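A.B. asks: Before anything else, here's the structure in question.
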Amino acid sequence: MSSFKALRVHQDGKQVEARLESMDVEQLAEGAVVIRAQWSGINFKDALAVTGKGKIMRSFPMNAGIDVSGVVETSEDPRFKPGQEVLVTGCGLGEERDGGFAGYARVPGDAVVHLPEGMSLRDAMAIGTAGFTAGMALVRMEQNGQHPDLGPILVNGATGGVGSFAVRLFSRAGYPVTALTGKQDAADYLRNLGATEVVDTATLEMGSRPLEKSLWGGAVDNLGGESLAWLTRTVHPWGNIGAIGLAAGIELNTTVMPFILRGVSLLGINSVHCSRDLRLAVWRRLGELLRSEDYADIVQAETGLEGVRETAEQMLSRKTRGRTLVRLGD
Ligand SMILES: NC(=O)c1ccc[n+]([C@@H]2O[C@H](COP(=O)([O-])OP(=O)(O)OC[C@H]3O[C@@H](n4cnc5c(N)ncnc54)[C@H](OP(=O)(O)O)[C@@H]3O)[C@@H](O)[C@H]2O)c1
Numbered sequence: 001m002s003s004f005k006a007l008r009v010h011q012d013g014k015q016v017e018a019r020l021e022s023m024d025v026e027q028l029a030e031g032a033v034v035i036r037a038q039w040s041g042i043n044f045k046d047a048l049a050v051t052g053k054g055k056i057m058r059s060f061p062m063n064a065g066i067d068v069s070g071v072v073e074t075s076e077d078p079r080f081k082p083g084q085e086v087l088v089t090g091c092g093l094g095e096e097r098d099g100g101f102a103g104y105a106r107v108p109g110d111a112v113v114h115l116p117e118g119m120s121l122r123d124a125m126a127i128g129t130a131g132f133t134a135g136m137a138l139v140r141m142e143q144n145g146q147h148p149d150l151g152p153i154l155v156n157g158a159t160g161g162v163g164s165f166a167v168r169l170f171s172r173a174g175y176p177v178t179a180l181t182g183k184q185d186a187a188d189y190l191r192n193l194g195a196t197e198v199v200d201t202a203t204l205e206m207g208s209r210p211l212e213k214s215l216w217g218g219a220v221d222n223l224g225g226e227s228l229a230w231l232t233r234t235v236h237p238w239g240n241i242g243a244i245g246l247a248a249g250i251e252l253n254t255t256v257m258p259f260i261l262r263g264v265s266l267l268g269i270n271s272v273h274c275s276r277d278l279r280l281a282v283w284r285r286l287g288e289l290l291r292s293e294d295y296a297d298i299v300q301a302e303t304g305l306e307g308v309r310e311t312a313e314q315m316l317s318r319k320t321r322g323r324t325l326v327r328l329g330d
C-alpha cells in the first residue's frame with residue numbers, strides 16, 4: 001500500500017488546524033480491517049471538527065471524517081474478506097480514532113457493515129451518518145408505537161443532511177411530514193422529498209405554556225433548545241420525539257407535563273455507539289425504504305479532500321442543503 005492523502009487535524013495550543021498531508025497505513029489508528037476508501041460525506045460534526053469550532057476529537061493529530069465507504073484491502077477479522085465493499089458510520093471515527101477523510105481507514109471489525117444489496121459505495125455515503133441517524137429515529141420511534149394514524153411528523157432543520165433524510169424516510173414509511181426550515185427558498189426541495197407541508201421557522205408561534213395545542217403525531221429534532229422544548233409541548237398523546245441534534249443549542253427547558261399528561265416519549269438517538277443489532281436493523285430499513293433516485297435528490301454537491309474545509313464553513317453558516325459527498329477513490 002503506497003502513501004495516501006488525509007485531512008488530518010492538528011492542535012497547537014488552542015489553535016486547531018486541518019491540513020492535507022501524506023500518510024502511510026502504518027500511521028493510522030490500529031484495527032483489524034484496512035479499507036481502501038472510495039467515498040465519505042460531510043456531517044455537522046465533521047464541520048465542527050475540521051474548523052475547530054466544536055470539541056469533537058479526543059486527541060490530536062487525527063484524520064477527520066466520521067463516515068467512510070470503500071473496499072476491504074486486508075482483514076484480520078474473518079467476517080470480512082479483501083475485495084468486499086463495506087461502510088462505516090460513527091463508531092468513533094473522526095472522534096476517537098482516525099476517520100474517513102483519507103485514502104485508507106483502519107478500523108475494528110465490529111464497526112464495519114457489508115454494503116446493503118442494491119446500494120453503491122457512493123449511495124452509502126449519500127446516506128452516511130445523516131441518513132443513518134434519521135433511519136435510527138424512524139426505527140426507534142416505531143419500536144415505541146409511532147404510527148401514521150397518530151398524525152404528521154414534524155422535522156426541523158429540514159434542509160440539513162439528517163433533516164432531508166428524515167423527510168424522505170418518514171414520507172416513504174407512510175407518514176404525512178411537516179418540514180420546518182429557516183430557508184425561505186427551500187419549499188420545492190422539501191416537497192420533492194415528500195413533505196406534505198413546509199413551515200418557515202420565522203412564522204412560528206411557539207407559545208410558552210407547559211402544554212400547547214397538540215399538533216404533531218411525532219417529531220424529529222435536529223436543533224435542541226427552544227425548538228425541542230416547543231415540540232415537547234405540541235406532540236399529540238403517545239407521540240415520540242427523536243432527539244438528534246443541537247444545531248441551535250444544548251439546553252432543554254420544558255416541564256414534565258407532556259410526559260405525564262400526554263404520554264409523550266423523548267427518545268435519545270445516538271448514531272455513534274449503538275448495538276450492532278440496532279445498527280444492522282437500521283441499515284436493513286434504509287435498504288427497504290430508499291430508492292436510487294433518493295440519492296440524487298439529496299446529494300447537492302461533491303468535493304475532493306481539498307474542498308472539505310470550505311464546505312464545513314458554509315455548513316456552519318447554514319448555507320448548505322442536503323448532503324455534500326467527498327470523493328476519495330481514484
Ligand atoms: N444524535 C446523533 O447521533 C446525531 C447524528 C447526526 C447528526 N446529529 C446532529 O444533528 C444535527 C443536524 O446534523 P446535520 O449533519 O444534518 O447538519 P446540517 O446538514 O448542517 O443540518 C442542520 C440544519 O439545521 C438548521 N440549523 C442549523 N443551524 C441552526 C441554528 N443555529 N438555528 C436553527 N436552525 C439551524 C438548518 O436547517 P434549515 O435551514 O432547514 O432550518 C441546517 O440545515 C446537528 O446538530 C448534528 O450534530 C446528531
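Numbered per full-length UniProt numbering, the sequence shown spans residues 1 to 330. We treat Cβ as the ideally placed atom computed from N, Cα and C, and that holds for glycine. Remember, predicted model here, so these are calculated numbers, not experimental data.
1) Determine the contact status of Ala102 and Phe4, defining contact as a CB-CB distance below 8 Å.
2) DSSP three-state label for Trp230, please.
3) Thinking Ala47 and Leu7 are a contact (beta carbons under 8 Å), I'd like their distance in whole angstroms, please.
4) Mind checking which residues open and close the alpha helix (DSSP H) that includes Ile298?
5) Who does Trp39 pair with in a DSSP beta bridge?
6) How about Ala244: is its Cβ closer than 7 Å to a heavy atom in ligand 1?
7) Tell me the DSSP secondary structure of Phe60 in three-state form.
8) Let me know the secondary structure DSSP gives Ala187 once reduced to three states.
9) For Ala37 versus Gly90, is the C-beta distance shorter than 8 Å?
10) CB of Leu115 to nearest heavy atom of ligand 1: below 7 Å?
11) Can you tell me whether Ser164 is helix, strand or coil according to DSSP?
12) So, helix, strand or coil for Gln84, using DSSP?
13) May I ask whether a heavy atom of ligand 1 can be found less than 7 Å away from the beta carbon of Ala219?
14) DSSP state of Val220, grouped into three classes?
15) Ligand 1 and Gly161: does the residue's C-beta get closer than 7 Å to at least one heavy atom of that ligand?
16) Taking only three categories from DSSP, how would you classify Ala105?
17) In three-state DSSP terms, what is Met1?
18) Going by DSSP, which residues form a beta bridge with Thr74?
19) Is the CB of Met119 under 8 Å away from at least one CB in chain B?
20) Where do the ends of the beta strand (DSSP E) carrying Met23 lie?
21) Using C-beta distances below 6 Å, list every residue in its chain close to Val107, excluding the 5 sequence neighbours before and after it, in chain order.
22) Provide the residue span of the beta strand (DSSP E) that contains Leu267, from first to last.
C.D. replies: In terms of the structure at hand:
1) Yes, the Cβ-Cβ distance between Ala102 and Phe4 is below 8 Å.
2) helix
3) Incorrect: roughly 12 Å between the Cβ atoms, too far for contact.
4) Segment Ser292 to Ile298, the alpha helix (DSSP H) holding Ile298.
5) Ser69 and Arg327
6) Strictly speaking, residue 244 in this sequence is Ile, with Ala absent from that position. The answer is yes for Ile244.
7) coil
8) helix
9) no
10) no
11) Here Ser164 carries a helix assignment [DSSP, helix/strand/coil].
12) coil
13) no
14) strand
15) yes
16) strand
17) coil
18) Under DSSP, Thr74 forms a beta bridge with Val34.
19) The chain inventory of the structure shown lacks chain B, comprising one protein chain alone.
20) Gln15 to Met23
21) Gly31, Val33 and Val88
22) That run of the beta strand (DSSP E) goes Ser265 to Gly268.
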